[in-house]
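S.K.: Below is the structure I would like to discuss, written out as structure tokens.
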Amino acid sequence: MSDSSNKYDVVVFGATSFAGQLVCEYYLANYGASPPTFKWAVAARSESKLTALKERLASEIDSAASTLPTIVADSLDDEAVGGMVSQAKVIITTVGPYAHYGSKVVAACSAAGVHCCDLTGESLWVKGLIDKHHEEAERTGAKIVPSCGFDSIPADLGTLMMVEYMKRTHGLSPDDVRYYFGASKGGVSGGTIASVLDIFEQVWSGGKAITSKLADPLLLTATPGFGKAADPGGLGYDSLAKSWTASSVFASHDSKIVFRSAGLLGYPETFRYKEVMGFKGLLKGFLPAVFSTIAFGIGGFLMVIPVTRKFIAKKFLPAPGEGPSKELRDSGYFWINFLASGRSGDGKDVVCRGKVGSDKGDCGYKETAKMLAECGLCLALDDLEYKKGGVLTTASAMGMPLVDRLNKAGMTFKILDE
């Protein structure tokens with residue numbers, strides 16, 4: 012385990028990136044530069060950019076931001092990364108694509124027993140972390156927790172919320188959890204685009220071997236069972252939700268995270284998970300579901316091919332460091348409906364409903380920054396039930412205490428049957 016005398020409880024690495032700046036803004040606005048309960052610092056590879064960041068934050072949010080401690084570290088420099096990690100209890104890293112810039116940070120944290128959380132949606136990279144570092148992190152006590160933003164907290168903690176509620180109120184674990192992405196408003200940053208483009212490049216260069224791994228919902232869990240695994244979703248009508256459905260771009264990675272949690276937390280082998288876009292109404296929802304399905308297929312095809320991928324990226328997509336405006340982030344929102352079902356001991360079918368989302372900001376940036384920031388504090392400060400280290404998930408590493416934190420921070424994790 013990391014030494015409790017470490018200089019900082021949380022270090023925000025990549026603080027000058029688009030997402031990193033939002034995490035810093037969240038901490039300043041909600042906790043201040045020198046809160047009484049924890050110490051935090053900002054880190055990046057450019058000292059001049061860190062200075063400029065502190066000046067902007069001091070001018071716009073809190074004059075005390077000028078006193079924030081800084082650490083200069085390059086994510087590809089082993090010595091610099093090791094020096095940064097040695098000062099922290101938790102590293103929050105926003106430096107992506109993580110397959111290129113995240114591995115040394117995780118390696119240093121795993122070896123030193125320092126917790127680490129990030130925003131990756133890169134399933135193959137996470138698989139590599141499990142293979143390389145899970146056993147070591149178990150020994151050192153480091154909790155390595157990937158995907159602590161919109162990928163994949165709503166899916167992972169929403170599922171946990173449904174599982175815990177059904178255990179508590181009905182004495183059973185659900186066999187089936189379904190996630191329906193509904194109304195939303197928001198934008199996309201260049202950093203996210205860069206990560207997505209990197210995944211499509213891997214698909215093109217790796218061929219069927221890579222495609223089959225990305226299509227496997229059980230890629231990140233070594234637990235046998237889960238025979239029916241994830242329903243890939245797609246165009247169809249879901250009579251339980253009374254909703255038309257279409258494929259979700261988030262489902263591929265989210266399902267892998269949810270099933271890793273299922274293995275780590277001992278969900279029953281009958282457990283299944285399905286994640287889709289939801290369009291309410293037998294008639295009203297049909298055409299939007301069809302159009303979404305067509306757009307999903309065409310968009311995926313064009314992005315896999317290098318020539319069209321590069322053209323689209325150059326002409327239409329934001330570059331790294333760019334992102335949606337503050338107005339768009341502040342006016343954004345997202346809502347996800349959950350259904351969990353199982354069969355009681357007396358043979359009765361039980362169905363429970365839940366809701367996850369926020370009307371306080373867009374899912375990809377403002378609320379993602381909130382999620383990542385609260386993950387850092389949860390790992391640093393809270394007494395968590397799951398004591399072991401490893402390459403974990405938000406549900407297994409932090410669980411319901413993180414749900415409570417996010418509810419207090421203005422998000423919604425709610426059982427609708429209560």
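Residue numbers 12 to 429, in this note's numbering, belong to the letters of the sequence shown in order.
The C-beta atom is built at its ideal place from N, Cα and C for all residues, glycine as well.
Since we're looking at a predicted model, the values are computed, not measured.
1) Compare the C-alpha of G183 against each of G375, Y278, L328, S74 and name the closest.
2) Based on Cα-Cα distance, which residue from T234, K224, E286 lies nearest to S254?
3) With distances taken Cα to Cα, identify the nearest neighbour of L33 among S86, L427, R340, R364.
4) Which residues in the same chain have their Cβ closer than 7 Å to the Cβ of M173, if we skip the five residues on either side of it in sequence?
5) Thinking C-alpha only, which one of V21, D73, E58 is nearest T48?
6) Of all the options F327, G358, G368, which has the alpha carbon lying nearest to the alpha carbon of I426?
7) Under 8 Å by Cβ, that's how I've got G245 and T304 pegged, so tell me the actual separation to the nearest angstrom.
8) Would S163 pass as a contact of I309 if the rule is Cβ separation under 9 Å?
9) Excluding the five sequence neighbours on either side, which residues of its own chain have a C-beta within less than 6 Å of the C-beta of D373, listed in chain order?
10) Per DSSP, what kind of secondary structure is V207 in: helix, strand or coil?
11) Considering just the uninterrupted stretch of the beta strand (DSSP E) at S59, what are its terminal residues?
12) What does a CB cutoff of less than 6 Å around D370 pick up in its chain, not counting 5 residues either side in sequence?
13) Along the beta strand (DSSP E) that carries C127, what are the first and last residues, could you check?
14) Quick check for students: name the residue ranges of the alpha helix (DSSP H) that lie wholly in the stretch 163-206, counting only runs of 4 or more.
15) Decide yes or no for the touch test of the stretch 411-425 against the stretch 382-395: beta carbon pairs closer than 8 Å, at least 3 of them.
16) What runs of the beta strand (DSSP E), each 3 residues or longer, lie entirely inside the stretch 369-407?
17) Considering only DSSP beta bridges, list what K337 is partnered with.
18) Please name the residue, chosen from E146, A148, G311, L298, that lies closest to T222 on a Cα-to-Cα basis.
19) Who are the near neighbours of G296 in its chain, counting only those whose CB is closer than 7 Å to its CB and skipping five residues on each side?
20) In chain order, what residues of the same chain lie with their CB nearer than 7 Å to the CB of V106, ignoring the 5 residues before and after it?
21) Could you tell me which residues DSSP pairs with V6 in its beta bridges?
22) Between which two residues does the beta strand (DSSP E) harbouring I316 extend?
23) Find out if the Cβ-Cβ distance for the pair A55, G31 is shorter than 9 Å.
24) Am I right that F171 and G410 are in contact with their C-beta atoms under 8 Å? What's the rounded C-beta distance?
25) So for T48, helix, strand or coil by DSSP?
26) Grab the span of the alpha helix (DSSP H) containing V92 for me, first residue to last.
27) Which residue wins for smallest C-alpha separation from S315, given the options F322, F211, G400?
28) For the ligand NAP, I want to know if S254 counts as a neighbour, meaning its beta carbon is within less than 8 Å of at least one of the ligand's heavy atoms.
29) Under 9 Å between the Cβ atoms of K100 and V125?
30) Quick check on the DSSP output: the alpha helix (DSSP H) that includes V414 runs from which residue to which?
31) For the alpha helix (DSSP H) containing S258, name the first residue and the last one.
32) Given that a residue counts as buried once 16 or more other Cβ atoms are within 10 Å of its Cβ, and exposed if not, what is E378?
33) When we look at the beta-carbon of F302 and count the other beta-carbons within 10 Å, is it buried (16 or more) or exposed?
34) Provide the residue(s) that pair with G160 in DSSP beta bridges, ordered along the chain.
35) Between S59 and W215, what straight-line distance do the alpha-carbon atoms span, to the nearest angstrom?
36) Is it buried or exposed for V137, if we count other Cβ within 10 angstroms and need 16 for buried?
M.R.: Per the coordinate set shown:
1) A small correction: the amino acid at residue 183 is Leu; Gly does not occupy that position in the sequence shown. Ranking G375, Y278, L328, S74 by Cα distance to L183 puts Y278 first.
2) E286
3) R340
4) P185, V188, F349, A351, C363, G365
5) V21
6) G368
7) 7 Å
8) no
9) G197, R340, G343
10) helix
11) That residue, S59, is in no beta strand (DSSP E); its alpha helix (DSSP H) goes 58-71.
12) Y344
13) 126-129
14) 164-181
15) yes
16) none
17) Answer is none; K337 lacks a bridge partner.
18) G311
19) S254, W255, F290
20) F24, G25, S28, S86, Y112, G113
21) Any question about residue 6 goes unanswered here, given that the chain covers just 12 to 429.
22) Taken as a continuous stretch (DSSP letters only), I316 belongs to no beta strand (DSSP E), as it is neither H nor E.
23) yes
24) In the sequence as displayed, the identity of residue 171 is Leu instead of Phe. About 6 Å; that satisfies the 8 Å criterion.
25) coil
26) 89-96
27) Sequence check: residue 315 is Val here, not Ser. Among F322, F211, G400, the Cα nearest to that of V315 is on F211.
28) The ligand NAP is absent from the structure shown, which contains no ligand whatsoever.
29) yes
30) 411-419
31) Per DSSP, S258 belongs to no alpha helix (DSSP H); it is in the beta strand (DSSP E), 254-258.
32) buried
33) exposed
34) S163
35) 38 Å
36) buried
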